[in-house]
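Enquirer: Sharing a structure below in structure tokens format, with a few things to ask.
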Amino acid sequence: MRAGVVTMSEGLPLLILFGSQSGNSEDLAVTASKLSSKYGLTPISKGMDEITLADISSNQRVLIFCSTWGEGEMPDNAEDLWQAASSDAAPSLEGCHFAVCGLGDTSYDLFCQSGKDWDSWFEKQGANRLVARLDCDVEYEDPAAAFTLEALSKFAAVNSSGVFEEDKVGVPSSEPEPEALEESASDTSAPPADSGDLGAFLSAGDRTLNVFFGSQSGNSEELAAKLAKNAAQYGMEGVVHDMDGFDINSMASMKRVAIVCSTWGEGEMPDNAEALWQAAASDGAPRMDGMSFSVLALGDTSYELFCQSGKDWDKRLEELGANRVVNRVDCDVDYEAPATIWAEEALTMLSATDDSGNLHEELIDAIRDLVSGGVSAAEGEDGFTLPDLSAEEVEAQLSVFRYDPHERTSGTDTWLCSLNGHTTLLDALRSIQRTHDGSLSFTDGAPHDPCTALLVNGRVTLPGSTRIDRLSNGRPGPVMLTIEPLPGYDVL
Numbered sequence: 070m071r072a073g074v075v076t077m078s079e080g081l082p083l084l085i086l087f088g089s090q091s092g093n094s095e096d097l098a099v100t101a102s103k104l105s106s107k108y109g110l111t112p113i114s115k116g117m118d119e120i121t122l123a124d125i126s127s128n129q130r131v132l133i134f135c136s137t138w139g140e141g142e143m144p145d146n147a148e149d150l151w152q153a154a155s156s157d158a159a160p161s162l163e164g165c166h167f168a169v170c171g172l173g174d175t176s177y178d179l180f181c182q183s184g185k186d187w188d189s190w191f192e193k194q195g196a197n198r199l200v201a202r203l204d205c206d207v208e209y210e211d212p213a214a215a216f217t218l219e220a221l222s223k224f225a226a227v228n229s230s231g232v233f234e235e236d237k238v239g240v241p242s243s244e245p246e247p248e249a250l251e252e253s254a255s256d257t258s259a260p261p262a263d264s265g266d267l268g269a270f271l272s273a274g275d276r277t278l279n280v281f282f283g284s285q286s287g288n289s290e291e292l293a294a295k296l297a298k299n300a301a302q303y304g305m306e307g308v309v310h311d312m313d314g315f316d317i318n319s320m321a322s323m324k325r326v327a328i329v330c331s332t333w334g335e336g337e338m339p340d341n342a343e344a345l346w347q348a349a350a351s352d353g354a355p356r357m358d359g360m361s362f363s364v365l366a367l368g369d370t371s372y373e374l375f376c377q378s379g380k381d382w383d384k385r386l387e388e389l390g391a392n393r394v395v396n397r398v399d400c401d402v403d404y405e406a407p408a409t410i411w412a413e414e415a416l417t418m419l420s421a422t423d424d425s426g427n428l429h430e431e432l433i434d435a436i437r438d439l440v441s442g443g444v445s446a447a448e449g450e451d452g453f454t455l456p457d458l459s460a461e462e463v464e465a466q467l468s469v470f471r472y473d474p475h476e477r478t479s480g481t482d483t484w485l486c487s488l489n490g491h492t493t494l495l496d497a498l499r500s501i502q503r504t505h506d507g508s509l510s511f512t513d514g515a516p517h518d519p520c521t522a523l524l525v526n527g528r529v530t531l532p533g534s535t536r537i538d539r540l541s542n543g544r545p546g547p548v549m550l551t552i553e554p555l556p557g558y559d560v561l
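My numbering numbers the first residue of the sequence shown as 70 and each following residue consecutively.
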């Protein structure tokens, strides 16, 4: 049966502003402008020195990319607009929906301060935050790309009356371009490390990943358990720790630490984390030199102190000498997609860190290839063995969204496949395209390229880094997968 096409409003204006000193924020604004039409949006891209507060107040959708300069200062082209915004005469922004991406450098105390200032100002003036602010470090490309996709998808769900319709998020346009977006990222990564070297690294010394959770409702505990389970894919042994009753001195002796922590009440720690936090925050807290860590924070943007507990842990571990290998991610109530992206990056970087806290950057791509199935297991005369990532064959039923641009009809095609469990979803689609249906089209690219993202059973998924067997719901029978495009990334 062919499904009907859902029509999305067209020509919805989106004001995209950039505050830029080096050009990075402007580049992100240009990219967002190019993608906007795929979401039924009409972009208006402006430097902050080309706009007035009146222009902002007359728009229902505002997307901001802003870098921070010097000691928490606005870039030159944003300074005048910020001074006007800081005055008592600043207009109300009720009815406006916004999202802010801040660019900065964690080596500065006031990291991403300009982005934080704009984010707070929009909220203070009555605007509605559609996407939690993203604070990007110097390697901003991947997180900024994922942020842009999420932001555009939500801006497209703000109707012409300025009402955000949550059920419209992710609904494809009725008239996609004749060809799918073909902007696959080139794989410019360095050649993978020798498999023997990688095997030796993943088998040497203490490979424990200690995962702590601070949880009030159970979400953080669930994510911590999943992270520890997936650590084996990266050559680590995941161990989950409830923060309740844990000794701070034992924590200080650990080499790899991941923290998943929610925020309760008015910026408070969850009950099970309070005692450990008091010990960590005290003047007598032990040094944590040699520890590598990353923090996932869960919260709710409707509260003023959004994700404060996670922010506190992230800041305190750094103060005690620990090394942050992946920037903290702050999750709103819809936490699954950003948590998945954080987990993949955190597991990769922590896996590439040795017992002395040294990050082996030359092994990062090899570890990613290993997890995605790109490197086969190997044994060497030195006795080291790469973890065997092969799995039993699984039956998978792939129901893939299709669109006929000539008939302007859409529906699904279904394939029942027998696949090795370690096969990635992207490899499965490539196989179908190669052996069964050459007309199948999708955005191909590197395993962690956010532009390849798809909706799989309603969840945003990176197909190049997701194994088929990890998509199973545990029920007997075939793995049932419904695969749909994100808006603008149509599977033809």
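The C-beta atom is built at its ideal place from N, Cα and C for all residues, glycine as well. Small disclaimer: the values here were computed from a predicted structure and weren't measured.
By how many angstroms is the C-alpha of LEU162 removed from the C-alpha of LEU436?
Expert: Correcting the residue identity first, residue 436 is Ile in this sequence and not Leu. If you draw a straight line from the Cα of ILE436 to the Cα of LEU162, it is about 47 Å long.
Enquirer: Could you tell me if THR283 is buried or exposed, where buried requires 16 or more neighbouring beta carbons within 10 angstroms of its beta carbon?
Expert: Thr is not the amino acid found at residue 283; the sequence shown has Gly there. GLY283 should be labelled buried.
Enquirer: For TYR303, which residues in the same chain have their Cβ closer than 7 Å to its Cβ, ignoring the five residues on either side in sequence?
Expert: For TYR303, where only same-chain residues beyond five positions count, the Cβ hits under 7 Å are LEU416, THR417, SER420, ILE436 and VAL440.
Enquirer: Report the start-end ranges of each beta strand (DSSP E) in the segment 121-145 that is 3 residues or longer and not cut off at the edges.
Expert: 130-136
Enquirer: Return the first residue and the last residue of the beta strand (DSSP E) that PHE167 is part of.
Expert: 166-172
Enquirer: Would you tell me roughly how many angstroms separate the C-alpha atoms of CYS205 and GLU219, rounded to the nearest one?
Expert: 15 Å
Enquirer: Spell out a yes or no on whether the segment 187-201 and the segment 153-171 are touching, meaning 3 or more CB-CB pairs, one atom from each, closer than 8 Å.
Expert: yes
Enquirer: Can you tell me whether DSSP reads ASP524 as helix, strand or coil?
Expert: The sequence given here has Leu at residue 524, not Asp. Strand at LEU524.
Enquirer: By a C-beta neighbour count over all protein chains shown, 10 Å radius and 16 as the cutoff for buried, is THR563 buried or exposed?
Expert: Outside the shown range of the chain, which is 70 to 561, sits residue 563, and nothing can be said about it.
Enquirer: Using a threshold of 9 Å, state whether the C-beta atoms of ILE410 and VAL463 are closer than that.
Expert: no
Enquirer: Given a cut-off of 9 Å, decide if GLY88 and ALA109 are closer than it, judged by their beta-carbon atoms.
Expert: Here the sequence assigns Gly to residue 109, which means Ala is not the residue at that position. Going by C-beta atoms, GLY109 is not nearer than 9 Å to GLY88.
Enquirer: Could you spell out the range, first to last residue, of the alpha helix (DSSP H) harbouring VAL99?
Expert: 93-105
Enquirer: Closest by CA to ALA321, which one among CYS330, VAL329, ALA391 and GLN377?
Expert: ALA391
Enquirer: If you count every other CB in all the chains shown that lies within 10 Å of the CB of LEU81, and 16 or more means buried, which is it?
Expert: Result: buried.
Enquirer: Answer yes if the segment 495-508 comes into contact with the segment 422-429, meaning at least three C-beta pairs across the two stretches below 8 Å, and no otherwise.
Expert: Contact check between the segment 422-429 and the segment 495-508: fewer than three CB pairs, one atom from each, fall below 8 Å, which does not count as touching.
Enquirer: Who pairs with LYS115 in a beta bridge, going by DSSP?
Expert: LEU86
Enquirer: Give me the residue from THR422, ALA366, LEU432 and CYS520 with the minimum Cα distance to VAL402.
Expert: ALA366
Enquirer: Please state whether DSSP places VAL326 in a helix, a strand or coil.
Expert: strand
Enquirer: Is there contact between the segment 527-535 and the segment 483-492, where contact requires at least three CB pairs shorter than 8 Å?
Expert: no
Enquirer: Hey, could you find the ends of the alpha helix (DSSP H) ASN440 is sitting in?
Expert: The sequence as given places Val at residue 440; Asn does not occur at that position. Its alpha helix (DSSP H) spans residues 433-441.
Enquirer: When DSSP labels each residue in this structure, what does PHE224 get in the three-state scheme?
Expert: Residue state, collapsed to three classes: helix.
Enquirer: Tell me, to the nearest whole angstrom, how far the beta carbon of LEU523 is from that of LEU467; I am working on the premise that it is less than 8 Å.
Expert: That pair is no contact at about 11 Å.
Enquirer: From LEU179 to THR535, what does the alpha carbon distance come to, in whole angstroms?
Expert: 36 Å
Enquirer: So what does PHE282 bridge to, in DSSP terms?
Expert: ASP311 and VAL329
Enquirer: Does DSSP put LEU162 in a helix, a strand or coil?
Expert: coil
Enquirer: What does a CB cutoff of less than 7 Å around LYS298 pick up in its chain, not counting 5 residues either side in sequence?
Expert: GLY307
Enquirer: With three or more beta-carbon pairs closer than 8 Å as the criterion, would you say the segment 222-232 touches the segment 120-128?
Expert: no
Enquirer: Measure how close the beta-carbons of ARG393 and SER363 come, nearest whole angstrom, since I'm counting them as under 8 Å.
Expert: 7 Å
Enquirer: On the criterion of 16 or more Cβ atoms from any shown chain inside 10 Å, does GLU290 qualify as buried, or is it exposed?
Expert: Counting Cβ neighbours within 10 Å, GLU290 comes out buried, since at least 16 surround it.
Enquirer: Between GLU413 and GLY368, what straight-line distance do the alpha-carbon atoms span, to the nearest angstrom?
Expert: 20 Å
Enquirer: Under three-state DSSP, which class holds GLY546?
Expert: coil
Enquirer: Please state whether the Cβ-Cβ distance between GLN90 and ASP174 is less than 9 Å.
Expert: No, Cβ-Cβ distance for GLN90 and ASP174 is not below 9 Å.
Enquirer: For ALA570, does the three-state DSSP call read helix, strand or coil?
Expert: As displayed, the chain neither begins before 70 nor continues past 561, which places residue 570 out of reach and without an answer.
Enquirer: SER102 and ILE85 - do their beta-carbons sit closer together than 9 Å?
Expert: Taking 9 Å as the Cβ cut-off, ILE85 and SER102 qualify as a contacting pair.
Enquirer: Please identify the residue among PHE375, TRP382 and SER361 whose C-alpha is closest to the C-alpha of ALA354.
Expert: TRP382
Enquirer: Suppose only complete runs of 4+ residues qualify. What are the alpha helix (DSSP H) ranges in the segment 490-518, listed by chain order?
Expert: 494-504
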